[in-house]
Amino acid sequence: MRAIVVGAGIGGLAATLSLRRAGHEVTLVEQTPRLTETGAGIQLAPNATRELRRFGRLDEVAAQSARPADVSFRTWSDGTEICRYALGREAEDAFGAPYLQIHRADLQRALAAAVPPGAVRLDTQVVGIGQDDASAWATTADGERLVADLVVAADGIRSAARQWLFGTDEAIFSRTAAYRALLPAAEVADLDLPDTGVWLGPGRHFVHYRVRRGELLNVVAVFTTEVAAQESWTARAEPGEQLREFEGWAAPVLSVLERAGQVFRYGIHTRAPLARWNVGRVTLLGDSAHAMVPFQAQGAAQAILDAAVLGDSLADVTPDGVPEALERYVRRRLGTATGMQARSARAGEEFHLPDGPEAQARNARMAAYAAEHRFMPVATAWAVDVLDDKEQT
Ligand SMILES: Cc1cc2nc3c(=O)[nH]c(=O)nc-3n(C[C@H](O)[C@H](O)[C@H](O)COP(=O)(O)OP(=O)(O)OC[C@H]3O[C@@H](n4cnc5c(N)ncnc54)[C@H](O)[C@@H]3O)c2cc1C
Numbered sequence: 004m005r006a007i008v009v010g011a012g013i014g015g016l017a018a019t020l021s022l023r024r025a026g027h028e029v030t031l032v033e034q035t036p037r038l039t040e041t042g043a044g045i046q047l048a049p050n051a052t053r054e055l056r057r058f059g060r061l062d063e064v065a066a067q068s069a070r071p072a073d074v075s076f077r078t079w080s081d082g083t084e085i086c087r088y089a090l091g092r093e094a095e096d097a098f099g100a101p102y103l104q105i106h107r108a109d110l111q112r113a114l115a116a117a118v119p120p121g122a123v124r125l126d127t128q129v130v131g132i133g134q135d136d137a138s139a140w141a142t143t144a145d146g147e148r149l150v151a152d153l154v155v156a157a158d159g160i161r162s163a164a165r166q167w168l169f170g171t172d173e174a175i176f177s178r179t180a181a182y183r184a185l186l187p188a189a190e191v192a193d194l195d196l197p198d199t200g201v202w203l204g205p206g207r208h209f210v211h212y213r214v215r216r217g218e219l220l221n222v223v224a225v226f227t228t229e230v231a232a233q234e235s236w237t238a239r240a241e242p243g244e245q246l247r248e249f250e251g252w253a254a255p256v257l258s259v260l261e262r263a264g265q266v267f268r269y270g271i272h273t274r275a276p277l278a279r280w281n282v283g284r285v286t287l288l289g290d291s292a293h294a295m296v297p298f299q300a301q302g303a304a305q306a307i308l309d310a311a312v313l314g315d316s317l318a319d320v321t322p323d324g325v326p327e328a329l330e331r332y333v334r335r336r337l338g339t340a341t342g343m344q345a346r347s348a349r350a351g352e353e354f355h356l357p358d359g360p361e362a363q364a365r366n367a368r369m370a371a372y373a374a375e376h377r378f379m380p381v382a383t384a385w386a387v388d389v390l391d392d393k394e395q396t
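Here the sequence shown stands for residues 4 to 396, where the numbers follow this note's numbering.
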């Protein structure tokens, strides 16, 4: 069969690999002239890396990644450790796939390397999607009609396809934004930072981990704000803005923010859950379907799981069976992805509790959980093999 995938972000690339693996011919259409993921780091939990292995890309991705040993949750003001969870060898043994941290550009390159150049249409904006009983198509800005058996819209949080399919809901500003920066890991070697750190404070949290084989430190400093900011990887913060926002935080946090060089400001948005992602021969995938706040580091992972299930649902399907196969795909994915949207939002509320009894109770809960579990609560989702649910089909 032939498929058109709109958008060459992590979701669209993963969908392309998964559909090709299922034996289908794919045209991947991307509006930007080059495949260059902007943005900084991304954490790939074992539920995502398990699928990257199935796509035949795990070794390439792992070769560019950092492999953290653990994650330390700390208090904002004095850096006291609340709890620590394993992410390294123990996690790989338990979940059968590694926890990796990678620069987005490195991930995109590793995925794109497995897509034949002839299957990619760059610099091509899709301006409409249509279908009839026998086929589906994407119309490009140049007026060309690309026809196939199905269209997968992996066109991100500002998805136009979502509007064409389901009407005019907009991306929702989460009232959080993030300062983000990348700096050479050597520049913070004296700070004795934990391998991966999540520092929790009132209305804010600060995350750091290494990417690019450990050479760079990726920093994400999240704060609540009523000032709606763009979701942009390239919008620059004012010099020193991040230091004012995190005034009073523990010395290592402030040292990282001081040394950060160019800092970017990213307004975090979400999409409301949908009751369905598909109409006939067309479906959404990734952020277009279920953009979430990134506080469980699962947005891209869920897009990768969508891709895996999409390919699996369409294996051995003939063109007549596409609408039904897309129903199966959505049935297998929608509940989990929607649950992860809600779980990520709840994590933000927990992380940002004001100082006082509520934060103390949260810290006590986290410490008690860590005393009994080697892996953090979201790891229950890492354990699920998304292709093990065929009985639901
Ligand atoms: C600060 C932050 C940190 C995050 N950290 C993590 C993390 O650690 N782990 C994790 O799993 N997730 C994380 N996420 C979430 C993750 O980044 C997203 O879920 C993921 O990138 C979504 O991928 P996508 O392919 O669905 O969309 P996108 O990456 O947005 O890709 C959409 C693509 O479609 C193209 N496009 C759009 N419209 C058209 C059109 N009309 N025609 C042609 N092409 C089009 C765009 O140019 C783009 O290339 C984080 C998000 C943020 C904001």
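Just so you know, even glycine gets a beta-carbon here, dropped at the ideal spot from N, CA and C.
This one's a predicted model, so the numbers in the text were calculated from it and none came from an experiment.
For residue i: DSSP bridge partner residues
i, result
"I175", "T273"
"I307", "Its beta-bridge partners do not exist; DSSP assigns none."
"E408", "Residue 408 is absent from the structure shown; the chain starts at 4 and stops at 396."
"A340", "Beta-bridge pairing links A340 to no other residue."
"A141", "I132 and L149"
"A184", "V222"
"Y372", "Beta-bridge pairing links Y372 to no other residue."
"A69", "Q104"
8 angstroms Cβ cutoff met for residue i and residue j
i, j, result
"S258", "L194", "yes"
"H293", "Q344", "yes"
"F209", "W167", "no"
"S162", "L287", "yes"
"V118", "L31", "yes"
"E175", "H27", "The sequence shown places Ile at residue 175, rather than the Glu named in the question. Going by C-beta atoms, I175 is not nearer than 8 angstroms to H27."
"A238", "R268", "yes"
"H355", "P205", "yes"
"R377", "E95", "no"
"L103", "V64", "yes"
Cβ-heavy atom distance, residue i to ligand 1, below 7 angstroms
i, result
"V9", "yes"
"A157", "yes"
"V223", "yes"
"S347", "no"
"R57", "no"
"G14", "yes"
"I85", "no"
"V381", "no"
"I271", "yes"
"S235", "no"
"I105", "no"
"Q265", "no"
"S75", "no"
"P297", "yes"
"R53", "no"
"Q166", "no"
"R183", "yes"
Exposure of residue i, with buried meaning 16 or more beta-carbon neighbours within 10 Å
i, result
"I105", "buried"
"V230", "exposed"
"T321", "exposed"
"P101", "buried"
"T83", "exposed"
"D109", "buried"
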